[in-house]
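**Student:** Let me begin by handing over the structure; questions about it come next.
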Amino acid sequence: MKLQPVYIIEELEQLKTISDPLRARVLLLLIEKAYTGQQLAKLLGMARAKVHYHLNELERHDLIFVVRTELKNGIVQKFYRAVARGFVPGQNLLPYVSEVENYYRERTLSVLGHARNRAIHAPEEAFQIPSPDRSQWPIIMTQVEVKMSKAKYAEWLTKFRALIYELDAEQEENGEWFYLTTVGFQTHEAAFDPVEPADPRVPAKEEER
């Protein structure tokens, strides 16, 4: 079975199942590659029985599947994989505002937690810069706050996604692996104090005093 690009969640119980914090973490791992319950338990630092319970729930709601089995020491090991690379609530579930909100909040937290783990285990060279010239850096760390309408922000995100697709299409067989993650959402207020533009009427030396 080949992973679908996007799986549309049509049932409320599926949405509730996938909104559980631990299941969100498990699903994110299974989007990347196939794991056994034992491997997931080790990665998550949890008891195998607890992980297997959540795997059973995800499988019961058709969100993951057994991609292969292996016999090890007389025991059949099941390797699980997510059915898709992305999960989106269907139109019929959008009225369930709380459930949809919980899903995307947990999804965001799961992605951020996963990115932190990837950064911790990245090689030393990943954070070494070749020169003071940023244009040569194979690394990016950015936080941005903008104030605009939801429609304009959504329009810009469409352009940004197009750049991500372009990046994916330009992969090289003999290249090195790089990881990029992105989250963006509405906030109550700005967290950063605005940077006042320099007054062009004031000489630079006076500004520094």
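According to full-length UniProt numbering, the residues represented by the sequence shown are 1 to 209, in order. The beta-carbon is built from N, C-alpha and C at its ideal position, and this holds for glycine as well.
With distances taken Cα to Cα, identify the nearest neighbour of Leu15 among Thr181, Asn92 and Ala151.
**Tutor:** As a first step, residue 15 is located in the sequence shown; it is residue number 15 there, counting from the start. Checked all of Thr181, Asn92 and Ala151; the closest Cα to Leu15 is Asn92.
**Student:** Check this for me: beta carbons of Leu12 and Tyr96, under 8 Å apart or not?
**Tutor:** Numbered from its first residue, the sequence shown carries residue 12 at position 12. Numbered from its first residue, the sequence shown carries residue 96 at position 96. Yes.
**Student:** Quick one: what's Pro89 bridged to in DSSP?
**Tutor:** Locating residue 89 in the sequence shown gives position 89, where the first residue counts as 1. DSSP, once it has assigned bridges, lists Ile9 as partnering Pro89.
**Student:** With a cut-off of 8 Å on the beta carbons, I'd call Ala34 and Arg60 a contact; round off their distance for me.
**Tutor:** Reading the sequence shown from its first residue, position 34 is the one you call residue 34. Reading the sequence shown from its first residue, position 60 is the one you call residue 60. Not really, about 18 Å apart at Cβ, beyond 8 Å.
**Student:** Rounded to whole angstroms, what is the Cα-Cα separation between Pro21 and Glu99?
**Tutor:** As a working note, residue 21 is residue 21 in the sequence shown. As a working note, residue 99 is residue 99 in the sequence shown. In a straight line, the C-alpha of Pro21 is about 13 Å away from that of Glu99.
**Student:** Which ranges does the beta strand (DSSP E) cover as unbroken runs of at least 3 residues, wholly within the UniProt domain "HTH arsR-type" (13 to 109), from first to last along the chain?
**Tutor:** List check, beta strand (DSSP E) in window: 64 to 72, 75 to 82 and 87 to 89.
**Student:** For Glu4, which of helix, strand or coil comes out of DSSP?
**Tutor:** What you label residue 4 is simply residue 4 of the sequence shown in a count that begins at 1. Note on identity: in this sequence residue 4 is Gln, with Glu being the wrong assignment. Reduced to three states, the DSSP call for Gln4 is strand.
**Student:** So Leu30 and Tyr80 are supposed to be a Cβ contact under 8 Å. How far apart are they, rounded?
**Tutor:** Within the sequence shown, residue 30 is the residue found at index 30, counting from 1. Within the sequence shown, residue 80 is the residue found at index 80, counting from 1. Going by Cβ atoms, the distance from Leu30 to Tyr80 rounds to 6 Å, so yes, they are a contact pair.
**Student:** Please name the residue, chosen from Leu3, Ala169 and Leu44, that lies closest to Arg23 on a Cα-to-Cα basis.
**Tutor:** Stepping through the sequence shown from its first residue, residue 23 is reached at position 23. Looking at the Cα atoms, Leu44 is the closest of the given residues.
**Student:** Closest by CA to His188, which one among Glu124, Lys147 and Asn174?
**Tutor:** Numbered from 1 along the sequence shown, position 188 holds the residue referred to as residue 188. Residue Lys147 is the option with its Cα nearest to His188.
**Student:** Helix, strand or coil for Tyr165, going by three-state DSSP, please let me know.
**Tutor:** Taking the first residue of the sequence shown as 1, we reach residue 165 at position 165. Three-state result, Tyr165: helix.
**Student:** Please tell me whether Ala119 and Val6 are closer than 8 Å, where the distance is taken between their beta carbons.
**Tutor:** In the sequence shown, residue 119 corresponds to position 119, counting from 1. In the sequence shown, residue 6 corresponds to position 6, counting from 1. No, the pair does not count as a contact, with Cβ atoms beyond the cut-off.
**Student:** Can the beta-carbon of Ser113 be found less than 8 Å from the beta-carbon of Arg25?
**Tutor:** The residue given as residue 113 occupies position 113 in the sequence shown. The residue given as residue 25 occupies position 25 in the sequence shown. Strictly speaking, residue 113 in this sequence is Gly, with Ser absent from that position. Yes, these two residues count as a Cβ contact at 8 Å.
**Student:** Would you mind working out which of Gln38, Leu58 and Asp168 sits nearest Lys72, comparing C-alpha positions?
**Tutor:** Within the sequence shown, numbered from 1, the residue matching residue 72 stands at position 72. Cα-wise, what sits closest to Lys72 is Gln38.
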